[in-house]
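**Student:**
Numbering (my numbering), first residue to last: 842 to 1037.
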């Protein structure tokens, strides 16, 4: 199984050291939780793993040719597009064309009602936006999932749908889950506690 490798990684923001000579092997086929106090570097670890930011020293090695998908607080949806249009747009960016049937199937999997796909995303509740972000992740079918507090703003049904999908996907993915939520930690096969 493939892995993301941190080799002697150091990173600071100003005088604040986040990682110092960190070495990690984040293997696929499992859900890896990343936990720690606010500001400990959970989101930063995900950004390093996704090559969104670079370390000050050391290297982060990703398996060649693998695609990355994320559900993060920073992920934006297009408010002037409907739910269905958002899904189709983000899938198209990855070279995937979604049929109307596939869009509704993804909606069902994340708990979005069919009529939600005709509503502009700017009118979605925060929970509906989170479900749509998750549907986008499923639509692009990335090899690496970077999940930053992914069940924030979800009701119990949404959380359960998320947990089912992540368990089903784990054997074929590299999944990093940044959280302090005990239920989310409970679905992890391995937990990295920050600071390292």
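The C-beta atom is built at its ideal place from N, Cα and C for all residues, glycine as well. Source: prediction; values computed, not measured.
Which term fits residue 970, buried or exposed, when burial requires 16 or more other beta carbons within 10 angstroms of its beta carbon?
**Tutor:** So residue 970 counts as buried.
**Student:** Mark residue 1025 as exposed unless 16 or more other C-beta atoms lie within 10 angstroms of its C-beta, in which case mark it buried.
**Tutor:** Counting Cβ neighbours within 10 Å, residue 1025 comes out buried, since at least 16 surround it.
**Student:** By the DSSP assignment, the alpha helix (DSSP H) with residue 981 in it spans what residues?
**Tutor:** Here the alpha helix (DSSP H) through residue 981 covers 967 to 981.
**Student:** Which residue wins for smallest C-alpha separation from residue 960, given the options 918, 888, 932 and 1012?
**Tutor:** Among 918, 888, 932 and 1012, the Cα nearest to that of residue 960 belongs to 918.
**Student:** Excluding five sequence neighbours on each side, which residues of the same chain lie with their C-beta closer than 6 Å to the C-beta of residue 925?
**Tutor:** Cβ neighbours of residue 925 beyond the five flanking positions: 944 and 958.
**Student:** Looking only at its own chain, which residues have a Cβ that is under 7 Å from the Cβ of residue 982, when we skip the five neighbours before and after it?
**Tutor:** Excluding positions up to five away in sequence, the list is empty.
**Student:** Taking only the alpha-carbon atoms, compute the straight-line gap between residue 986 and residue 856 and give it to the nearest angstrom.
**Tutor:** For residue 986 and residue 856, the distance between alpha carbons rounds to 30 Å.
**Student:** Closest to residue 941 by C-alpha separation, out of 934, 935 and 949, would be which residue?
**Tutor:** Measuring from the Cα of residue 941, the nearest candidate turns out to be 949.
**Student:** So within the stretch 851 to 892, which uninterrupted alpha helix (DSSP H) runs reach at least 4 residues, ignoring any that extend past its ends?
**Tutor:** You should have 883 to 890.
**Student:** Between residue 997 and residue 875, what straight-line distance do the alpha-carbon atoms span, to the nearest angstrom?
**Tutor:** Cα to Cα, residue 997 sits roughly 22 Å from residue 875.
**Student:** Comparing C-alpha positions only, which one of 863, 932 and 896 sits nearest to residue 909?
**Tutor:** The option with the nearest alpha carbon to residue 909 is 932.
**Student:** Can the beta-carbon of residue 901 be found less than 9 Å from the beta-carbon of residue 889?
**Tutor:** The answer is yes: Cβ separation under 9 Å.
**Student:** Please classify residue 1009: is it buried, with 16 or more other beta-carbons within 10 angstroms of its beta-carbon, or exposed?
**Tutor:** Exposed, by the Cβ-count rule.
**Student:** Can you name the start and end residues of the beta strand (DSSP E) that residue 1034 belongs to?
**Tutor:** Per DSSP, residue 1034 belongs to the beta strand (DSSP E) from 1031 to 1034.
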